[in-house]
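**Student:**
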Amino acid sequence: MLLLQKPRKTKEDLIRLRTVIDLREHNKNTKKLSSPLLDIKSVLRRVASKKYKLLIDGKDTYEQIRIIPEHVNRSIFNTLDGTMVSEVMQLGDCNSRAIYQALMNHIFQPYLGDWMDIYLDDLVIYSDTIEDHMQHLRTVIDILHKEKFYLSEHKIQLFQKELKILGHIINDQGIRMDPHKVDSIQQWKVPTNKDLLQGFLGSVGYLAPNIPQL
Numbered sequence: 027m028l029l030l031q032k033p034r035k036t037k038e039d040l041i042r043l044r045t046v047i048d049l050r051e052h053n054k055n056t057k058k059l060s061s062p063l064l065d066i067k068s069v070l071r072r073v074a075s076k077k078y079k080l081l082i083d084g085k086d087t088y089e090q091i092r093i094i095p096e097h098v099n100r101s102i103f104n105t106l107d108g109t110m111v112s113e114v115m116q117l118g119d120c121n122s123r124a125i126y127q128a129l130m131n132h133i134f135q136p137y138l139g140d141w142m143d144i145y146l147d148d149l150v151i152y153s154d155t156i157e158d159h160m161q162h163l164r165t166v167i168d169i170l171h172k173e174k175f176y177l178s179e180h181k182i183q184l185f186q187k188e189l190k191i192l193g194h195i196i197n198d199q200g201i202r203m204d205p206h207k208v209d210s211i212q213q214w215k216v217p218t219n220k221d222l223l224q225g226f227l228g229s230v231g232y233l234a235p236n237i238p239q240l
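Take 27 as the starting number for the sequence shown in the numbering used here and just add one per residue.
#1: Which stretch, first to last residue, makes up the beta strand (DSSP E) that contains H88?
#2: Whose CA, out of K85, V114 and W214, lies closest to the CA of K32?
#3: In this structure, how does DSSP classify D83 when only helix, strand and coil are distinguished?
#4: Do S122 and S112 come within 9 Å of each other at the CB atom, strictly closer than that value?
#5: Taking all protein chains shown into account, decide if H171 is buried (16 or more other Cβ within 10 angstroms of its Cβ) or exposed.
#6: Can you name the start and end residues of the beta strand (DSSP E) that T45 belongs to?
#7: What's the C-alpha gap between K58 and Q212?
#8: Using a Cβ-Cβ cutoff of less than 8 Å, which residues in the same chain neighbour Q186 once the five nearest sequence positions on both sides are dropped?
#9: For the pair the region 131–140 and the region 47–58, tell me if three or more CB-CB distances fall below 8 Å.
#10: Return yes when the Cβ of D158 is within less than 9 Å of the Cβ of T87, no when it is not.
#11: Grouping DSSP H, G and I as helix and E and B as strand, with all else coil, what is V69?
#12: Using the beta-carbon count (16 or more within 10 Å), is I156 buried or exposed?
#13: Which stretch, first to last residue, makes up the beta strand (DSSP E) that contains N55?
#14: Where do the ends of the alpha helix (DSSP H) carrying N131 lie?
#15: Do the region 57–77 and the region 182–201 touch if we need at least three Cβ pairs shorter than 8 Å?
#16: What are the complete alpha helix (DSSP H) segments, minimum 4 residues, inside the region 116–204?
#17: DSSP on Q31, reduced to helix/strand/coil?
#18: Give the straight-line distance between the Cα atoms of K181 and L163, rounded to the nearest whole angstrom.
#19: Beta carbon of P62, beta carbon of Q127: below 9 Å?
#20: Rounded to whole angstroms, what is the Cα-Cα separation between V98 and S60?
#21: How would you label D39, buried or exposed, when you count the other beta carbons within 10 angstroms and need 16 or more for buried?
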């Protein structure tokens with residue numbers, strides 16, 4: 027188990043740490059789950075069509091989901107201080123993303139595609155009027171409060187004229203690719219195995235709608 031520092035926007039920000047566990051052997055013995063793929067192109071169009079938009083991010087999202095007690099012993103891992111178990115879902119678990127996405131889709135199902143969309147821990151709200159926007163935000167906060175989920179105070183973007191989401195930038199001018207995402211792909215090292223190739227293809231997939239003949 028390692029402790030890694032989370033990114034800071036400024037030097038004055040508090041230092042925050044996250045735990046990282048090597049779960050490769052655990053994942054080899056885990057039945058893989060799947061979740062519906064998000065139609066990124068449709069989401070971008072919906073967000074761009076509305077005047078008011080905001081993006082909020084969960085706080086340590088995967089670790090907010092508890093493992094059922096009878097399965098806690100299956101989360102065992104070794105440290106320099108001995109053998110330990112985790113009572114919450116870990117970032118490196120092969121099913122973390124699918125489980126979290128399915129859970130968010132379930133609790134927000136009535137509103138998805140209407141005035142909000144969710145991709146993993148990114149939750150975007152879009153509205154025609156300021157009154158609707160505030161009501162939509164209150165609805166989301168109430169549901170998260172009821173389900174005991176918490177947000178990151180460092181990652182809440184309210185009433186944005188320009189929004190970065192899903193590898194794109196949305197503003198009054200329309201939708202364009204995020205230059206930082208483009209740069210990272212252009213500088214990507216040649217994949218040398220299946221996992222690295224899948225990671226590269228996944229990143230390119232975000233930008234595929236804006237890449238001619240792809």
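Note that beta-carbon positions come from the ideal geometry of N, C-alpha and C, so glycine has one too.
Predicted model only: the values in this text are computed from it and were never measured.
**Tutor:** With the structure as the only source:
#1: Residue 88 sits at position 62 when you count from the first residue of the sequence shown. In the sequence as displayed, the identity of residue 88 is Tyr instead of His. Run containing Y88: none; DSSP gives neither H nor E here.
#2: Position 6 of the sequence shown, counted from the start, is the residue given in the question as residue 32. That would be K85, whose Cα lies nearest to the Cα of K32.
#3: Residue mapping note: residue 83 aligns to position 57 of the sequence shown, counting from 1. Strand.
#4: Reading the sequence shown from its first residue, position 86 is the one you call residue 112. Reading the sequence shown from its first residue, position 96 is the one you call residue 122. Contact: no.
#5: Position 145 of the sequence shown, counted from the first residue, corresponds to residue 171. Counting Cβ neighbours within 10 Å, H171 comes out exposed, since fewer than 16 surround it.
#6: Within the sequence shown, residue 45 is the residue found at index 19, counting from 1. Per DSSP, T45 belongs to the beta strand (DSSP E) from L43 to V46.
#7: Within the sequence shown, residue 58 is the residue found at index 32, counting from 1. Within the sequence shown, residue 212 is the residue found at index 186, counting from 1. Take the alpha-carbon of K58 and the one of Q212: they are about 31 Å apart.
#8: Against the sequence shown, residue 186 aligns to sequence position 160. Within the same chain, Q186 has close Cβ partners K79, L80 and L81.
#9: no
#10: In the sequence shown, counting from the first residue as 1, residue 87 sits at position 61. In the sequence shown, counting from the first residue as 1, residue 158 sits at position 132. No, Cβ-Cβ distance for T87 and D158 is not below 9 Å.
#11: Counting from one through the sequence shown, the residue named residue 69 turns up at place 43. If DSSP states are grouped into helix, strand and coil, V69 belongs with the helices.
#12: Numbered from its first residue, the sequence shown carries residue 156 at position 130. The C-beta of I156 has fewer than 16 other C-beta atoms within 10 Å across all chains shown, which makes the residue exposed.
#13: As a first step, residue 55 is located in the sequence shown; it is residue number 29 there, counting from the start. Looking at the DSSP string, N55 is not in any beta strand (DSSP E), and its letter there is neither H nor E.
#14: For the purposes of this step, residue 131 is identified with residue 105 of the sequence shown, where counting begins at 1. Note, N131: alpha helix (DSSP H), S122 to I133.
#15: In this structure the region 57–77 touches the region 182–201; the number of beta carbon pairs closer than 8 Å is three or more.
#16: Fully enclosed alpha helix (DSSP H) runs of 4 or longer: 122–133 and 156–172.
#17: If you number the sequence shown from 1, residue 31 lands on position 5. Here Q31 sits in strand by DSSP.
#18: Here residue 181 refers to the residue found at position 155 when the sequence shown is read from its first residue. Here residue 163 refers to the residue found at position 137 when the sequence shown is read from its first residue. If I take the Cα positions, the gap works out to 15 Å.
#19: Numbered from its first residue, the sequence shown carries residue 62 at position 36. Numbered from its first residue, the sequence shown carries residue 127 at position 101. It is a contact, given that the beta carbons lie within the stated cut-off.
#20: Here residue 98 refers to the residue found at position 72 when the sequence shown is read from its first residue. Here residue 60 refers to the residue found at position 34 when the sequence shown is read from its first residue. Rounded to the nearest angstrom, the two C-alpha atoms are 22 Å apart.
#21: Taking the sequence shown and counting its residues from 1, the one referred to as residue 39 is at position 13. So D39 counts as exposed.
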